[in-house]
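For reference, the structure is listed below as structure tokens.
Residue numbers (our numbering), protein chains in the order written: chain A, 1059 to 1218; chain B, 5 to 686.
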């Protein structure tokens, strides 16, 4: 049995192992970072460290939602990187039996843009287990922000 | 089981001290080797090495690290023979000694990681033991000098050897005496000035102070006997030094020897080498060794203090806005600001280390590379007196290692090839460090090797050939680019130029440049800040978002006069406008920061322009309004998702939210570099 944090996003319930979670916090806005991918809501300071906030709705291709009092960020760690996941709400921690994880049906994977690696049935509830490394993106240098700012044709050209 | 706190602390101190002595041993062994190449002995370096190893042995015995004691003991006892006799070390012994020192280093490093030090292998011990077979040729000589036994006894064997070598070369060995007195001091004659003048025409072997009965002639009860080697005549010496030198006497004995020197004096080790002197470093007064992490803690505490101060300042300001009289509070705030600045300066000073610390391991590195790459390389180091932050130093070192490796492995040709090209057989690798300003250090790594072939680098990268050095650097820093076909043993892996650039430019906020001439050589120039983390910065607002920019990057801040704006003909591709503004009669380009960052404009006309200088050419960034100037704590932005050109970090201005710290110079460079990069891609 492994502890999981359960969070909600556009009516669905998702789960992430507690081991990957550093802390959860209420969210009142992040600082916009020019040139960051569109699903990055900005940066926040967590215990003195600058952490990017990934808007999971934007990342999963779901319609945006205004911030509410329930909005939370889940500060997670993955392969040495620390990021915060912005979710609609998160207020439950459940023990899940890893053996009961099932591969995600194609339709679910598709809906979640491939960010769900398996599902877990718990009575009437269906928990979607998210693929954290995939959400963070294995970003190679080709996709590094350096080129991102220059991608558009709107880049100013200096005279001379 | 955990060790008691004192013991842990003691081990930490042991590690620091051992590392220091290992560094000394390494550099002194290299000095001995260098002297050997010039055909000389370097007895001083032998002694230093001996002392370092001796201290390591003593310290290791105290903390009970037997494997290190075993190695150090062998190295030490081998060196003791040579130190006593002053005989030159056999050249082949240096390798063995360096290997022994390396073996100690590995074990010290293991202890540092919390591992245990491994027992030395039998091969290593056998090798070290076999060092001892190369006993020095005893420097005992049947010849003697016409010198008082008391003085003769004070001469070290290598000095006596030096005298006889000089005599053999046809020089005269002289004994002169200088008696200091107030009258002579008035004439400007002291032992130092005499030594200096005499040194110009003679080789001073030793200056021996001698006690005399106090007399009108010797009011200080003291004289100095100078033993020198020279080819100058007595008259020339008198002319040079004056008559202050008493009788000059030739001590090269040609006739029957005088009373034999007391031999037991010679065979005893010099007193400063007594076995119990291993801990003299601990008696050094007023020096504290501190673990860097403790300094980081102090810095962290200071950072928190500065953030709290911002909050305080805001609270005071909002009180003032509500009509409360805050005059006294403001005065206190001013005091507080000054105290914080002083405290910050004090902590920063503590964290500074001399640049020489950064460079001291380079000779050893070059020596190793010289071997494995089969190159003849001469290393020139120019460290200067600059100091830089320990954390900058630590980040800079791998970069230097990389550049040095590249130079020795790939840039400098084999000796044969160099001769064919009409170059000196020995390649030159030069590293210089100099403080550019109060805040920046410039470091160059240059070689006189084959230079970088732009065309072939471009072909490797599948890009058009760059027409200048800046373009070449862009190519070299393409991730994964390797211009070598076969990975060599030393630099096939390891980090590429890409990492060098990331460290220097992105992490340290510095600059990197290359200049290379085919057939002549390559120079890499690095500019890095002397310190990181806390900087003096301007804060400003642009499209309702706040930013800060370090004061050191800003050339000037000017008011933008909407009347004086001359927009350039707008490109039809919708790119942000570049305006031309005039500053003191000079036209300069201005870019809307909001447009570069794609922020929603809320203000029709820009209020202020921040002017930065990139590679000499000024560029203005239009912003809405300036907010103030303050010291800010810069937190690094590490995650790749949020790393972007022109953003060097984030800070907290007291509102609990991060504020982006901009590097407008890097931003302007990235803007101007883009058309080129795009051209290269198409």
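Note that the Cβ used here is the ideal one computed from N, Cα and C, for glycine as well.
Paired residues, beta bridge with residue i - DSSP
i, result
"residue 1112 of chain A", "A/1098, A/1143"
"residue 1153 of chain A", "A/1061"
"residue 525 of chain B", "B/521"
"residue 1070 of chain A", "A/1067"
"residue 196 of chain B", "BP columns for residue 196 of chain B are empty, so no partner."
"residue 1192 of chain A", "Answer is none; residue 1192 of chain A lacks a bridge partner."
"residue 1084 of chain A", "A/1130"
"residue 294 of chain B", "Paired residue(s): none; residue 294 of chain B is not in a bridge."
"residue 584 of chain B", "B/570, B/593"
"residue 1178 of chain A", "A/1185"
"residue 220 of chain B", "Per DSSP, none; premise fails for residue 220 of chain B."
"residue 435 of chain B", "B/385, B/449"
8 Å CB neighbourhood of residue i in its chain, flanking five on each side removed
i, result
"residue 433 of chain B", "370, 381, 382, 383, 384, 408, 411, 412, 416, 449, 450, 451"
"residue 1174 of chain A", "1072, 1162, 1166, 1167, 1186, 1187, 1188, 1189"
"residue 388 of chain B", "359, 436, 437, 438, 439"
"residue 33 of chain B", "49, 53, 98, 101, 102, 105"
"residue 363 of chain B", "385, 387, 404, 435, 437"
"residue 128 of chain B", "75, 103, 104, 107"
"residue 1117 of chain A", "1097, 1171, 1173, 1193"
Close beta carbons around residue i, own chain, < 6 Å, minus the five adjacent residues each side
i, result
"residue 521 of chain B", "455"
"residue 477 of chain B", "518"
"residue 279 of chain B", "For residue 279 of chain B, the predicted model reports a pLDDT of 37, less than 50, meaning its position is unreliable; a value from the coordinates is still stated below. Counting only Cβ-Cβ distances below 6 Å, and skipping sequence neighbours, we find nothing."
"residue 18 of chain B", "63, 67"
"residue 540 of chain B", "555, 635"
Residue i vs residue j beta-carbon contact at 8 Å
i, j, result
"residue 226 of chain B", "residue 211 of chain B", "no"
"residue 669 of chain B", "residue 624 of chain B", "no"
"residue 661 of chain B", "residue 1089 of chain A", "yes"
"residue 542 of chain B", "residue 633 of chain B", "yes"
"residue 1107 of chain A", "residue 639 of chain B", "yes"
"residue 1164 of chain A", "residue 1192 of chain A", "no"
"residue 1080 of chain A", "residue 1134 of chain A", "yes"
"residue 444 of chain B", "residue 504 of chain B", "no"
"residue 178 of chain B", "residue 255 of chain B", "yes"
"residue 358 of chain B", "residue 386 of chain B", "no"
"residue 104 of chain B", "residue 79 of chain B", "yes"
"residue 583 of chain B", "residue 570 of chain B", "yes"
"residue 482 of chain B", "residue 403 of chain B", "no"
"residue 1194 of chain A", "residue 1139 of chain A", "yes"
"residue 1154 of chain A", "residue 1062 of chain A", "yes"
"residue 1066 of chain A", "residue 1145 of chain A", "yes"
Residue burial classification, residue i (beta-carbon count within 10 angstroms, cutoff 16)
i, result
"residue 1160 of chain A", "exposed"
"residue 672 of chain B", "buried"
"residue 1098 of chain A", "buried"
"residue 1068 of chain A", "exposed"
"residue 216 of chain B", "exposed"
"residue 184 of chain B", "buried"
"residue 196 of chain B", "exposed"
"residue 37 of chain B", "buried"
"residue 292 of chain B", "exposed"
"residue 1076 of chain A", "exposed"
"residue 656 of chain B", "buried"
"residue 92 of chain B", "buried"
Minimum Cβ-Cβ distance from residue i to chain C less than 8 Å
i, result
"residue 1093 of chain A", "Going by chain labels, chain C is absent from the structure shown, which instead holds the protein chains A and B."
Nearest candidate by alpha-carbon position, reference residue i, set the options
i, options, result
"residue 1101 of chain A", "A/1079, A/1191, A/1131, A/1188", "A/1131"
"residue 223 of chain B", "B/253, B/187, B/482, B/200", "B/187"
"residue 182 of chain B", "B/202, B/165, B/548", "B/202"
"residue 1123 of chain A", "A/1147, A/1186, A/1076", "A/1147"
"residue 27 of chain B", "B/636, B/174, B/52, B/446", "B/52"
"residue 446 of chain B", "B/15, B/84, B/457, B/528", "B/528"
"residue 545 of chain B", "B/406, B/614, B/302", "B/614"
"residue 631 of chain B", "B/552, B/516, B/515", "B/552"
"residue 366 of chain B", "B/199, B/35, B/558, B/561", "B/35"
Chain-order list of residues whose beta-carbon lies under 7 Å from that of residue i (same chain, five-residue window excluded)
i, result
"residue 47 of chain B", "90, 162"
"residue 429 of chain B", "380, 419, 422, 423"
"residue 1091 of chain A", "1098, 1100, 1101"
"residue 57 of chain B", "29, 76, 79, 80, 83"
"residue 240 of chain B", "205"
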